[in-house]
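Engineer:
Protein chains: 2
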Amino acid sequence: MTKNVAVAPDTRPAMHKMMCAAVERSGALLTNVEDAEGLIWADPARPELFPEIAEKANNLQWIQLPYAGIEPFAHHLNSKWFWTCGKGVYAPAVAETVLALALSLSKNLHNYARETEWSGPVGSYLQGANVTILGGGGITVELLPLLAPFNCTTTVIRNKPVELPAASFTYTSERFEEVLEKTDLLILALALTNETSGIINEKVFDLLPTHSFLVNVARGGHIVTDDLVEALEKGKIAGAALDVTDPEPLPAGHPLWSISRCLITPHIGNTPEMGLKLLDPFIEENCRRFVNGEKLLAPVDVELGY
Amino acid sequence: MTKNVAVAPDTRPAMHKMMCAAVERSGALLTNVEDAEGLIWADPARPELFPEIAEKANNLQWIQLPYAGIEPFAHHLNSKWFWTCGKGVYAPAVAETVLALALSLSKNLHNYARETEWSGPVGSYLQGANVTILGGGGITVELLPLLAPFNCTTTVIRNKPVELPAASFTYTSERFEEVLEKTDLLILALALTNETSGIINEKVFDLLPTHSFLVNVARGGHIVTDDLVEALEKGKIAGAALDVTDPEPLPAGHPLWSISRCLITPHIGNTPEMGLKLLDPFIEENCRRFVNGEKLLAPVDVELGY
Chain A
1 MTKNVAVAPD TRPAMHKMMC AAVERSGALL TNVEDAEGLI WADPARPELF PEIAEKANNL
61 QWIQLPYAGI EPFAHHLNSK WFWTCGKGVY APAVAETVLA LALSLSKNLH NYARETEWSG
121 PVGSYLQGAN VTILGGGGIT VELLPLLAPF NCTTTVIRNK PVELPAASFT YTSERFEEVL
181 EKTDLLILAL ALTNETSGII NEKVFDLLPT HSFLVNVARG GHIVTDDLVE ALEKGKIAGA
241 ALDVTDPEPL PAGHPLWSIS RCLITPHIGN TPEMGLKLLD PFIEENCRRF VNGEKLLAPV
301 DVELGY
Chain B
307 MTKNVAVAPD TRPAMHKMMC AAVERSGALL TNVEDAEGLI WADPARPELF PEIAEKANNL
367 QWIQLPYAGI EPFAHHLNSK WFWTCGKGVY APAVAETVLA LALSLSKNLH NYARETEWSG
427 PVGSYLQGAN VTILGGGGIT VELLPLLAPF NCTTTVIRNK PVELPAASFT YTSERFEEVL
487 EKTDLLILAL ALTNETSGII NEKVFDLLPT HSFLVNVARG GHIVTDDLVE ALEKGKIAGA
547 ALDVTDPEPL PAGHPLWSIS RCLITPHIGN TPEMGLKLLD PFIEENCRRF VNGEKLLAPV
607 DVELGY
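First to last, the protein sequences are chains A and B. Numbering follows this note's numbering, with no gaps: position 245 of the first sequence is 245. With the second sequence counted from 1, adding 306 to any position gets you this note's numbering.
1) In chain order, what residues of the same chain lie with their CB nearer than 6 angstroms to the CB of A/E71, ignoring the 5 residues before and after it?
2) Closest to A/N78 by CA distance: which of A/F50, A/K87, A/T97, A/L30 is it?
3) How would you write the range of the beta strand (DSSP E) that B/N310 sits in, first residue to last?
4) If the cut is a Cβ gap below 7 angstroms, which residues of chain A does B/P639 touch?
5) Would you list the residues sitting across from A/C262 in a DSSP beta bridge?
6) Just verifying my parser: in three-state terms, what is the DSSP assignment at B/Y373?
7) Starting from B/I574, follow the alpha helix (DSSP H) in both directions and report where the run begins and ends.
8) What distance in whole Å lies between the Cβ atoms of B/K488 and B/N436, which are believed to be in contact at a cut-off of 8 angstroms?
9) Here's the rule I'm using: 16 or more other beta-carbon atoms within 10 Å means buried, otherwise exposed. How should B/H416 be labelled?
10) Residues in its own chain within less than 7 angstroms of B/Q367 by CB, not counting five upstream and five downstream?
11) Taking C-beta pairs closer than 7 angstroms, name the residues in chain A that B/L556 reaches, listed in chain order.
12) Go to A/F213, then tell me how far its beta strand (DSSP E) extends in each direction, as first and last residue.
13) Residues of chain A with a CB under 9 angstroms from the CB of B/P561: which are they?
14) For a contact defined as C-beta to C-beta under 9 angstroms, what are the partners of A/Q64 on chain B?
15) Residues bridged to A/V376 by DSSP?
16) Under 8 angstroms Cβ to Cβ from B/G504, same chain only, skipping five residues before and after it: list those, please.
17) 8 angstroms is my cut-off, CB to CB: does B/E539 come that close to chain A?
18) Does the structure place the region 589 to 604 of chain B close enough to the region 317 to 332 of chain B that three or more beta carbon pairs sit under 8 angstroms?
19) So with Cβ pairs under 8 angstroms, would you call A/T210 a contact of chain B?
20) Would you list, in chain order, the members of the region 448 to 461 of chain B that have their beta-carbon closer than 8 angstroms to a beta-carbon of chain A?
21) Which two residues bound the contiguous alpha helix (DSSP H) that contains A/L164?
22) Who pairs with B/F388 in a beta bridge, going by DSSP?
23) Just how far apart, CA to CA, sit A/W257 and B/S425?
24) Restricting to Cα atoms, I'd like to know which of B/D586, B/T551, B/A547 is closest to B/C568.
25) List, in chain order, every chain B residue whose beta-carbon is nearer than 7 angstroms to that of A/L99.
26) Here's a check: name, in chain order, each residue in its chain whose Cβ is nearer than 6 angstroms to the Cβ of A/K87, leaving out the five neighbours to either side.
27) Using 8 angstroms as the limit for Cβ to Cβ distance, is B/P398 near chain A?
28) Any residues in the region 468 to 498 of chain B with a beta carbon nearer than 9 angstroms to a beta carbon of chain A? Which ones, in chain order?
29) If the cut is a Cβ gap below 9 angstroms, which residues of chain B does A/L276 touch?
30) Taking 8 angstroms as the threshold (beta carbon to beta carbon), is A/E96 in contact with chain B?
31) Can you say whether A/R158 is buried or exposed, counting buried as having 16 or more other CB atoms within 10 angstroms of its CB?
32) In the structure shown, what three-state DSSP assignment does B/P605 receive?
33) Counting contacts by CB-CB distance shorter than 8 angstroms, is A/H127 in contact with chain B?
34) So which of A/N270, A/V141, A/L105 has the shortest CA-CA distance to A/Y125?
35) By a C-beta neighbour count over all protein chains shown, 10 Å radius and 16 as the cutoff for buried, is B/A351 buried or exposed?
36) Evaluate contact between the region 225 to 234 of chain A and the region 163 to 174 of chain A, counting only Cβ atoms and requiring at least three cross-stretch pairs below 8 angstroms.
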């Protein structure tokens, strides 16, 4: 007894091919959408194709979305089906990027990279810093061990009142503002929801110390971009590294491109080549679990939207 | 019974003042050079003043040099006195800089910092990389724990046949060339001596994989600069981050400034503010040991020159 699993759409050939192979390796039967009990969604950039494809599937029980950030699919979520996503899959890659961005800010590498002559030595230690991390998901879980040798005081702010043992402190969101004035490095690694959209705004920048750094690897929409521009221009914070922006892609000529305190990377947390490599064994494993009636990895809470 | 310790020269006021205070806290008697049994050298940039000052000291037993890299004093070394230096003191700061530079190369941050518009995501993982470190001193000892969560295979090449327990492998210098073809990241953290001057040259670049990165936080003289320029221009290696250069400071207009694969930082491993803070308790401790006839920290091997 196996399960029928379809992979759609086929608009992204490399991803489609990889996912089909993963389904076949898992022991599931690769079928068309009409016969599918499971559907692996194979193009994160084409959520608009979802309704017409899902409509064809009469026996659908499970939908696997490819990425961790599923906002483009949020309005399609329903409790008719069991939804899983890619959360946690890319987390080790993104956690590395967080540390890279944080160290780049600390050591002023973003500015040195732009120099064409020898200048003076500036830069601070990450060692012993107070690090506040918004979000208690996969990225944070992978990031905490990378930070461990730096003896930082790590404060994780998350919705669930569940402590992360690797963090110095775990607080729920009510205590977010309270920790800001002691924060040397603020890391955004949370899901984008109605509650978290624009959570980093003028008020936050006014509470953060002027020597503090901000790293965003979550979603651009967490930050009120105009407030960030003002904060960087006025020196309310010492610097920001943004792997995600609002708008994204950040248009050429946007003020953030010319602010020296700012480092922008074009959503490199998980590069395409690496993403597929990480996703491949994950899709196989979730299909295998689906076939065997085991608990699926990375379930989406339809009500919370992530 | 105490010991007479002098601090000289006074050409660098902040360092001189800090060192005098550290001597006094240690229980030693702060004296002039003529009466000194111990001499704390207070200006790393003025080795040429050394002979005339040392000449005045008739009771000298011990000389403390301020930095880890003591090449400017190498021709003054003799076995008449016991020499100590700053090795190990700045190591935690420099180790952070090594990781910052390595991650910046891996994630292409040095190039993204120069962009003024959104580009494509590129970048590789440090996770699981083969890291070769030349030198088994303080920087390496501090760096290995920072690398530990990345599950790298770390190979330390050092002169002494003494294993570093935190490294995957410790080899003596004969095996240097043999490990190059499997090296993803080559880190220079060794002392500059006649043997190690120019150790990174055309032959090394020909053996390294084209995807490999080079980080130098030791001394510019370890690298044959023209060979590095050629290696970067021809793509023999994927990138280099240099916190030290030859010549140093690297003059404006030098080809390295305009090679995109290259990130140059102006000797930021240990910034002045941080350096004094790290040196302060170290000088106090070594003076205290001198007063009490205990074993001094960071002894220089006069024959080896470091």
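Glycine included, C-beta positions come from ideal geometry on N, C-alpha and C.
Structural biologist: According to the structure data:
1) Taken in chain order, the residues that qualify are L192.
2) Ranked by Cα distance from A/N78, the first of A/F50, A/K87, A/T97, A/L30 is A/F50.
3) Note, B/N310: beta strand (DSSP E), 310 to 314.
4) Chain B is shown only over 307 to 612; residue 639 of chain B falls outside these bounds and no answer can be derived.
5) A/C262 pairs with A/A240.
6) The three-state reading of DSSP puts B/Y373 in coil, since its state is none of H, G, I, E or B.
7) For B/I574, there is no enclosing alpha helix (DSSP H), as DSSP marks it with neither H nor E.
8) About 5 angstroms separates the two Cβ atoms, so the contact holds.
9) Classification of B/H416: buried, given that the 10 Å Cβ count is 16 or more.
10) Exclusion of the five residues before and after B/Q367 leaves E343, G344, W387, F388 as the residues of its chain whose Cβ lies within less than 7 angstroms of its Cβ.
11) W118, listed in chain order.
12) Note, A/F213: beta strand (DSSP E), 213 to 216.
13) Under the 9 angstroms cutoff, chain A gives no residues; its nearest Cβ is about 11 angstroms from B/P561.
14) Correct list: empty, because the minimum Cβ distance to chain B is about 23 angstroms.
15) Nothing in the structure corresponds to residue 376 of chain A, since chain A is present only between 1 and 306.
16) G527, H528, I529, V530.
17) For B/E539, the answer is no, since every Cβ of chain A falls outside 8 angstroms of its Cβ.
18) Yes, they touch.
19) Not one chain B Cβ lies under 8 angstroms of A/T210.
20) Cβ contacts with chain A: P451, L452, A454, P455, F456.
21) Note, A/L164: premise wrong, no alpha helix (DSSP H); not H, not E.
22) DSSP links B/F388 through a beta bridge to B/W368.
23) Roughly 12 angstroms separates the two Cα atoms.
24) Among B/D586, B/T551, B/A547, the Cα nearest to that of B/C568 is on B/A547.
25) For a Cβ distance threshold of 7 angstroms, residue set L409 of chain B lies close to A/L99, ordered along the chain.
26) For A/K87, where only same-chain residues beyond five positions count, the Cβ hits under 6 angstroms are A68, G138, A298.
27) At least one CB atom of chain A sits nearer than 8 angstroms to the CB of B/P398.
28) For the region 468 to 498 of chain B, the beta-carbon criterion of a distance under 9 angstroms to any beta-carbon of chain A is satisfied by none of its residues.
29) Per Cβ cutoff of 9 angstroms: no residues; A/L276 is ~13 angstroms from chain B at best.
30) Among the CB atoms of chain B, one or more fall inside 8 angstroms of the CB of A/E96.
31) So A/R158 ends up on the buried side.
32) Of the three classes helix, strand and coil, the one that applies to B/P605 here is strand, per DSSP.
33) Here the sequence assigns Gln to residue 127 of chain A, which means His is not the residue at that position. Output row for A/Q127: interface = yes.
34) In terms of CA proximity to A/Y125, A/L105 leads the group A/N270, A/V141, A/L105.
35) So B/A351 ends up on the exposed side.
36) Output reads no: the region 163 to 174 of chain A does not touch the region 225 to 234 of chain A.
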